[in-house]
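Line by line, the protein sequences give chains A, B, C and D. The first sequence begins at 996 in our numbering and counts up one residue at a time. The second sequence begins at 996 in our numbering and counts up one residue at a time. The third sequence begins at 996 in our numbering and counts up one residue at a time. The fourth sequence begins at 996 in our numbering and counts up one residue at a time. The beta carbon of each residue, even a glycine, is placed where N, CA and C say it ideally should be. Beneath this line is the structure, given in structure tokens, with notes to follow.
4 protein chains.
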Amino acid sequence: MRLFSSDTLRGRRLVLHDLIFGGDSPQGRLFDAVLIAVIIASVGAVMLESVEAIGTRFKRGLIRLEWSFTIIFTLEYLLRLSCVGRPSQYVRSFYGFVDLLAVIPTYLSVLLPGAQALLVIRLLRILRVFRVLKLVLYLKEANYLLEALKASRRKITIFIVTVLTLVTVLGSLIYLIEGADNGFDSIPRSVYWAIVTLTTVGYGDISPQTPLGQALAAVVMIIGYGIIAVPTGIVTAELARVWEGDSKPVKKMCRHCYHAQHSKKARFCSRCGSQL
Amino acid sequence: MRLFSSDTLRGRRLVLHDLIFGGDSPQGRLFDAVLIAVIIASVGAVMLESVEAIGTRFKRGLIRLEWSFTIIFTLEYLLRLSCVGRPSQYVRSFYGFVDLLAVIPTYLSVLLPGAQALLVIRLLRILRVFRVLKLVLYLKEANYLLEALKASRRKITIFIVTVLTLVTVLGSLIYLIEGADNGFDSIPRSVYWAIVTLTTVGYGDISPQTPLGQALAAVVMIIGYGIIAVPTGIVTAELARVWEGDSKPVKKMCRHCYHAQHSKKARFCSRCGSQL
Amino acid sequence: MRLFSSDTLRGRRLVLHDLIFGGDSPQGRLFDAVLIAVIIASVGAVMLESVEAIGTRFKRGLIRLEWSFTIIFTLEYLLRLSCVGRPSQYVRSFYGFVDLLAVIPTYLSVLLPGAQALLVIRLLRILRVFRVLKLVLYLKEANYLLEALKASRRKITIFIVTVLTLVTVLGSLIYLIEGADNGFDSIPRSVYWAIVTLTTVGYGDISPQTPLGQALAAVVMIIGYGIIAVPTGIVTAELARVWEGDSKPVKKMCRHCYHAQHSKKARFCSRCGSQL
Amino acid sequence: MRLFSSDTLRGRRLVLHDLIFGGDSPQGRLFDAVLIAVIIASVGAVMLESVEAIGTRFKRGLIRLEWSFTIIFTLEYLLRLSCVGRPSQYVRSFYGFVDLLAVIPTYLSVLLPGAQALLVIRLLRILRVFRVLKLVLYLKEANYLLEALKASRRKITIFIVTVLTLVTVLGSLIYLIEGADNGFDSIPRSVYWAIVTLTTVGYGDISPQTPLGQALAAVVMIIGYGIIAVPTGIVTAELARVWEGDSKPVKKMCRHCYHAQHSKKARFCSRCGSQL
């Protein structure tokens, strides 16, 4: 009898698991679509609340909404916990972490007023949207992108270290040239200006006034305008490489001479002629 | 007799159809060229009218011009309707829709003053210019572009969803850091700032004042400066793929001479001439 | 005797021609290097003159300098005219035109004060620098670039027409949304704003104030941030194509079945098997 | 006896050399890691000192810190000198030069107050970080980048000369159109504006006010938005070329089985194993 009941329970858990985690069935997709809609609505509510005119007028309604969303997400979190095989694994997973972060701020706000602003973290939940689509193609595409970015991470690291060094040196130079009178009142602030200029953002809140400073700024701009070619070139070339993918020689190594540049289909070593 | 007259009518309709829709004949091209000129002139008139100094001075002339253009376009629309095979299909087509939109605002302005501003929609009609050129090459080029963009739409969707999520989270963060005193008076406004910064536009109407805010801004700028590589990489790689398309030799090998560089559609070996 | 003198004259003309036009000999290179230095100096003088503090102080010296440069350039122009084979061809060539433009403003300034500002046209003469380098490689590289740009001119035309249409429509929309009170006081000005925003320049001299306007601005920015991928993709892919150059299948057509996709080395048609 | 002592010395020098220059051993890596940490800390101290609120409050502490860092770096410099084979070569090398530059400003500041600001040059020392990583891969990646940039330096020179010419001509034009009343008070300043606009930085400190000026600005922006494709295209295409480099199969065909996909260095057929 107990076994049977346990079986039913396990059965139910499996059904629930399918509904919540497996987005492939029609019900699973519906569940995910509703979830995404609720997530976007909850983020929208947090954003509207921050607008003064709206926040003060509809204060009560928004607070109620917030609590409703929090209760819905809490229930969902508990459901996920209950039907997953190893709860501890889910809790420590990326999605588990985000799901928890999405409900904590409201409870925190009882103790710490103002913590609600953290609710925007809920938007991270929108990443679940990729799961909803559940189209193998989408994942493949995302994987292409990730693979290309991963393959180019070393080059990008070199690029970023170079840019940060450049920006610090240029920022200090402009600090020496312009000085505090023209708004460059500290090196960190001058480095901030160098970043604003190099990335071609150009707020204009701080801008050089002396001819020499403007000349240096012109140099920074042209450097920034030019070196954007580097990350773009890296990512593009990597993407092209990832796509070529299979046609690229896989490093199949010869056991005799350790020569490694053989294609996937090679059957004999191209250096010593022994069988692979 | 009736048949004959109907024949003449059909003939005339064909001639008209050729003139208006088929831009290949010299007359057709002339018609299209004149049409484009009228479209640009009409858009120019709407723009000039909006300039206060000109709008008030030449008010009467401009109103007359507007009505002339509207009447011309209305006549053209009726002509197109009359000579096309299936009018309902034309009405529902993209060009039919735009052609109608181009005349409605003036008539509307009798009832609703100010609706004339919508006349700029007329510029959409300029897309007809591609039809005028009617060079197969141009269409082929546009198709290459469209095909590349279509092929990369999934990756671009992923990119845009990622950017929107990023911008919301970063905007909320800066809202928490800077607060209303420094111009970041609501989350939507802060998200707007994040978009302005991430896309490297950088108006400078809102800009961070605290050191922590400036540090976050620097991070946003560097992210924005870096991730522009992603859409560029996607489009470039797709374009390269579309171009390689057919010309990429598939390794179809000849059984007689083992020559391997044949295209997918090849039926005979290009070296020895034997059947593949 | 007369013949001899004519011969000497022709000889001298050839020597002069070599010196001035043929930059390959050591003397020719020296001539070109000196010329470039004089050109840069003359442009620098014009620029300095426009700076008020300097212009008023060294007025006399600068005027003398300007006349010296003009006389040097006039003499050079006459020299070129005298030693070139067909003077009329030189006069109508690009360089001949620029050389003339470089001296006219000073003479004009006698009649029209202020015409000196046009002297900056002299900088166009700097294009001669490429001739100085006279390295086949440099020209080849420039040719690669030009060829790639030429090959992509159709796609770029399509892109620019699309951008201009977009910018007009978006500028009119923002004009309707924001209105004259927020600085968008005419459609041309609003279109100017749309260009400033779409190209991610973002001066901030006009910026939307209403939430709806800022939402539209955000859309414009994201479009601008995204579509920059298109020209970049076009140029990159074309450059890659130009480089592949020879390895690309040349359209060798079969005389029997008119099938065109054959590589340069193909000896038999891949569709009908007949000899090429 | 003397020889022995000299041997010990040489031995010690070798150990020191390994520790300081050879980052491959665990001790060498630790040394480098500590060094990088000290470098970043010292740069941080210089930056903080420039912030007025901090600089005045912790003046004494910061000065002490600075001297400590300087003494550490001086000792390190002397150590390097002592254990390197040819000191003069080290002194003239890039790293030797930077290491010296990193200590001089503090000593200079005794004579010339204010020279400390030059201490940020210390950040250049961070380039040593690449040595710490000492991963062949990182260096290979950096080499790929450098090789691509080197290969494209001619095209980039042409691009920069073109941009500078363009910017001078456009800057002079806007100077003629807008004039000193709208902030364009000299040609150099107008050229500065043209650079700010062409590179899409767009500070907004100077911006055109007249319709004609704004029209020209729009043209500059669209040019700037478009030609960024050129350096990007160059770098991307070069990177792709560098990568293809060796791995591109040269069509070396096997005489026995007619298998064609062998690399240049292949000596045996990868399909049938016979000698090539």
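Scanning chain C for C-beta atoms nearer than 7 Å to the C-beta of B:Pro1226 yields Gly1221, Ala1224, reported in chain order. Per DSSP, C:Tyr1085 is one residue of the alpha helix (DSSP H) stretching across 1082 to 1087.
Annotation for B:Tyr1170: the continuous alpha helix (DSSP H) segment containing it runs 1148 to 1173. Annotated three-state conformation of A:Tyr1198 is coil, per DSSP. Chain order gives the chain B residues near D:Thr1231 as Thr1227, Gly1228, Thr1231, where near means a beta carbon separation below 9 Å. Contact annotation, C:Ala1189 with C:Gly1166: C-beta distance approximately 4 Å; criterion of less than 8 Å satisfied.
Residue-level contact by beta carbon fails for C:Gly1039 and chain A, as no gap is shorter than 9 Å.
The straight-line gap separating the alpha-carbon atoms of A:Gly1091 and A:His1012 is approximately 14 Å.
By alpha-carbon distance to C:Val1225, the top candidate from C:Gln1209, C:Thr1195, C:Phe1154, C:Ala1212 is C:Phe1154. At a beta-carbon threshold of 9 Å, the residues of chain B lying near A:Pro1183 are Pro1206, Gln1209, Ala1210, ordered along the chain. It is roughly 17 Å from the alpha-carbon of D:Ala1210 to the alpha-carbon of C:Gly1199. What B:Gly1050 touches in chain D, judged by beta-carbon distance under 8 Å, is nothing: the nearest beta carbon there is about 14 Å away. For C:Phe1064, the enclosing alpha helix (DSSP H) begins and ends at 1054 to 1078.
Of the other Cβ atoms in all chains shown, fewer than 16 fall within 10 Å of the Cβ of B:Pro1021; this residue is therefore exposed.
When Cβ-Cβ separations below 9 Å define contact, A:Gly1199 makes contact with chain C. For C:Asp1027, the closest of C:Ser1063, C:Leu1057, C:Glu1071 by C-alpha to C-alpha distance is C:Glu1071. With three or more CB-CB distances shorter than 8 Å, the region 1031 to 1044 of chain B counts as touching the region 1057 to 1069 of chain B. For A:Thr1205, no alpha helix (DSSP H) encloses it, and the DSSP letter there is neither H nor E. Pairing D:Val1215 with A:Glu1047, the inter-Cα distance amounts to about 40 Å. Following the DSSP letters along the chain, one finds C:Gly1023 inside the alpha helix (DSSP H) bounded by residues 1021 to 1045. For B:Met1216, the residues of chain A that pass the 8 Å Cβ criterion are Ile1190, Val1191, Thr1194, Val1196, in the order they occur in the chain. In this structure C:Gly1006 is exposed. Its beta-carbon is surrounded by fewer than 16 other beta-carbon atoms within 10 angstroms. Annotation for A:Ala1097: no alpha helix (DSSP H) segment contains it, and DSSP assigns it neither H nor E.
Sequence-distant Cβ neighbours of A:Leu1114 in its own chain, meaning closer than 8 Å and more than five residues away, are Ser1037, Val1038, Val1041, Glu1061, Ala1097, Pro1100, Thr1101. Among the CB atoms of chain B, one or more fall inside 9 Å of the CB of C:Thr1163.
When secondary structure is reduced to three states using DSSP, C:Leu1211 falls in the helix class.
Annotated as proximal: C:Ala1235 and D:Ala1232, with beta-carbon spacing under 9 Å.
One Cα belongs to C:Leu1193, the other to B:Gly1197, and the distance between them is close to 12 Å. Closest in alpha carbon position to A:Gly1080, among A:Arg1052, A:Leu1106, A:Ile1116, A:Val1010, is A:Val1010. At least one beta carbon of chain C lies nearer than 9 Å to the beta carbon of D:Lys1150.
In terms of beta-carbon proximity, C:Tyr1072 stays away from the interface with chain D, with every pair separated by 9 Å or more.
Looking at the backbone, the Cα of A:Ile1201 and that of C:Phe1089 are separated by about 43 Å.
By alpha-carbon distance to C:Glu1044, the top candidate from D:Pro1203, D:Ile1182, D:Thr1205 is D:Ile1182.
Between A:Gly1208 and A:Ile1172, the alpha-carbon positions lie close to 6 Å from each other. Per DSSP, reduced to three states, the secondary structure at C:Gly1050 is helical.
For C:Tyr1187, the C-beta contacts it makes with chain D under 7 Å involve Gln1209, Ala1213, in order along the chain.
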